[in-house]
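Counting in the working numbering, the sequence shown runs from 71 upward without gaps. Quick reminder that beta carbons are idealized off the backbone N, C-alpha and C, glycines included.
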Amino acid sequence: MFDRIRTAALFGLHQATVAVGISLFPMAVFARQRLGINVPVGRLVETTTEAFESAAEE
71 MFDRIRTAAL FGLHQATVAV GISLFPMAVF ARQRLGINVP VGRLVETTTE AFESAAEE
């Protein structure tokens, strides 16, 4: 029961980080080109993907 809840919560978190990454993409490109700042959204999406996949395998 708790495994299904945890998997569903991780899936929702993963989907939310993907949505945030897509919506922040233009701002991230601007920040990188104009300001020289890297926005680490990709790393956050990768981390949530790995957490979701490991939870789904259990």
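What are the start and end residues of the alpha helix (DSSP H) that includes residue i?
i      : result
Ala89  : 72-100
Leu105 : Looking at the DSSP string, Leu105 is not in any alpha helix (DSSP H), and its letter there is neither H nor E.
Counting only the same chain and skipping the five closest in sequence on each side, list residues whose C-beta sits under 6 Å from that of residue i.
i      : result
Phe122 : Leu80, Phe81, His84
By how many angstroms is the C-alpha of residue j removed from the C-alpha of residue i?
i      : j     : result
Thr77  : Ala86 : 14 Å
Val115 : Gly91 : 8 Å
Gly106 : Leu94 : 16 Å
Apart from the five residues on each side of it in sequence, which residues of its chain come closer than 7 Å, Cβ to Cβ, to residue i?
i      : result
Ala125 : Arg76, Thr77, Leu80
Ala98  : Val109, Val111
Glu127 : none
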